[in-house]
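Participant: Got a structure for you, written out below as C-alpha cells; questions coming shortly.
In the UniProt record's numbering, the protein residues as written are 1 to 380.
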C-alpha cells in the first residue's frame, strides 16, 4: 500500500525519465503523500463501528482493487477476441520489405549527416579565409549556408523520427512473424484453438455483464467454466469435496490468469496511445514487475471481497471482520459497470489504433518513396 507505489514512482522517474536520484526520491515521497491523502478521503461503505487503521487500509485497497481489476477485466474482454480473430498474418516477404525500407531510410539519415558535417566544415573554412574587402559577399554566403544547414538539420530530425517509428514497426512485424511461424506447428494450432475458446468466453462474459448492469442484477448466473468445473468436481464424491465452493475458487483463479495476461497488453496499448500524442513514455522492467505485483495483490483482495457472498458458512470464519463488513453487493454492481465501460472504450481504442496503424504504414511508405525520389533527383 505504501512501499510498492513509492518504489514504482521512483523507478519510473529514475530509469525511464532519467531524473537524478535525489529529485526522484523527493518527487516519489510527495506523490506518495498525495496518494495517501486521496486514499484517506475515499469513502468506506462498511458496517463497522470503530475500524482500525489496518482495517480501513484493507477496505480502501479492496475498493481500488475492484476498480483496477474491473478495468483490466474489461480490457481483456475486448483485447482477447480482437487478437484471436483479427490477428494479422505476417509473411517473410512483408518482414524483408519493411527491413529493407528501414535500412534504406537509416542509410539516408547517415548520408545527410555526412553532408551536414561537410557543410559545417566548409562554412568554418570560409570564415577563416574571409577578408575585410569581401564582407558583403561573405555575409551573404554565410547566411545562405546557414539556411541550408537549418533546413538539412530539420530534415534529419524528421527522418530520425521516421526511422524510430519504422524500427518499432519492424519489431512488431518480427513478433508477428514469429507468431505466424509458431501458428503453423501443432502447438501453435492448439494454442490458437485455446485462444478462440477464451475469445468466445470473453464475449459471453461481456453479454452477461451487460445484462447484469441493465437489469441491475446483483447476483448473476454462473458462467460455463464454473458449471463445467462444478460438474467435474462433483464426480469426486469419495473425497468429500464441495463442488460449489471449489468450482467458484477455480473460476476466480482462471479469471486471475486472464487479468495477469492483460497487464502487458494494457501497457502496450497505453504506450501506443501516448505515442500518438507525441509523449514518449517507456516502462522499464522493474516498473512492469512492481505494477504486476501490485495488481495481483489488489486482485487477491478484490477477489476475496467479491466471493465472500458465495462462501458457505463454515468457510466464512477465514475472513477478517473488516472484509465481512463490506457491502459486497454494491461492489458487484460497481465492478460490472466499470467492466462494461472499460470493455467498450478498450475495443474502440484498439479498433481505431488498428486502422490508424495501417493508414500510417501506407503514409510512411509513400513518404519514403517521395524521399528516395527526391534524393535520387538531387544526386543526379
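Even for Gly, the Cβ is constructed at its ideal location relative to N, Cα and C. Fair warning: this is a prediction, and the values are worked out from it, not measured in the lab.
(1) Check whether the stretch 69-86 touches the stretch 344-356, counting contact only when three or more Cβ pairs, one atom from each stretch, lie closer than 8 angstroms.
(2) Are there 16 or more other CB atoms within 10 angstroms of the CB of residue 20, so buried, or fewer, so exposed?
(3) Please state whether DSSP places residue 2 in a helix, a strand or coil.
(4) DSSP three-state call for residue 334: helix, strand or coil?
(5) Between which two residues does the alpha helix (DSSP H) holding residue 190 run?
(6) Spatial neighbours of residue 152 within its chain, please: C-beta separation below 8 angstroms, excluding the five flanking residues on both sides.
(7) Could you pull out every residue in the same chain whose Cβ sits closer than 8 angstroms to the Cβ of residue 377, ignoring the five residues on either side in sequence?
(8) Whose C-alpha, out of 86, 122 and 63, is nearest the C-alpha of residue 353?
(9) Kindly give me the distance between the Cβ atoms of residue 173 and residue 90, rounded to whole angstroms, as I take these residues to be in contact under 8 angstroms.
(10) Are the beta-carbon atoms of residue 13 and residue 29 separated by less than 8 angstroms?
(11) Let me check understanding here. Comparing Cα to Cα, which of 157, 78 and 9 lies closest to residue 108?
(12) What residue from 71, 22 and 35 has the CA that sits closest to residue 387's CA?
(13) Run through DSSP, which three-state label would residue 10 get?
(14) To the nearest angstrom, report how far apart residue 203 and residue 22 are at their CA atoms.
(15) Would you tell me roughly how many angstroms separate the C-alpha atoms of residue 99 and residue 160, rounded to the nearest one?
(16) Measure the CB-CB distance between residue 333 and residue 216 and report whether it falls below 8 angstroms.
(17) Between the C-alpha atoms of residue 193 and residue 186, what's the straight-line distance to the nearest angstrom?
(18) Determine the burial state of residue 73: buried for a count of at least 16 other Cβ atoms within 10 Å of its Cβ, exposed for fewer.
(19) Measuring alpha carbon to alpha carbon, tell me which of 67, 69 and 78 ends up nearest residue 351.
(20) Helix or strand or just coil, what does DSSP make of residue 19?
(21) Should residue 175 be labelled buried (16 or more other beta-carbon atoms within 10 Å of its own) or exposed?
(22) Does DSSP classify residue 182 as helix, strand or coil?
(23) Report the rounded CA-to-CA distance for residue 25 versus residue 10, giving the unit in angstroms.
(24) Within 10 angstroms of the Cβ of residue 76, are there 16 or more other Cβ atoms? Answer buried if so, exposed if not.
Facilitator: Taking the structure as given:
(1) yes
(2) exposed
(3) coil
(4) helix
(5) 186-215
(6) 112, 115, 116 and 119
(7) Reliability of the predicted coordinates at residue 377 is poor, the pLDDT of 49 falling under 50, and the value obtained from them is presented with this limitation in mind. Answer for residue 377: no residue qualifies.
(8) 86
(9) 5 angstroms
(10) no
(11) 157
(12) Outside the shown range of the chain, which is 1 to 380, sits residue 387, and nothing can be said about it.
(13) helix
(14) 48 angstroms
(15) 16 angstroms
(16) yes
(17) 11 angstroms
(18) buried
(19) 78
(20) coil
(21) exposed
(22) helix
(23) 6 angstroms
(24) buried
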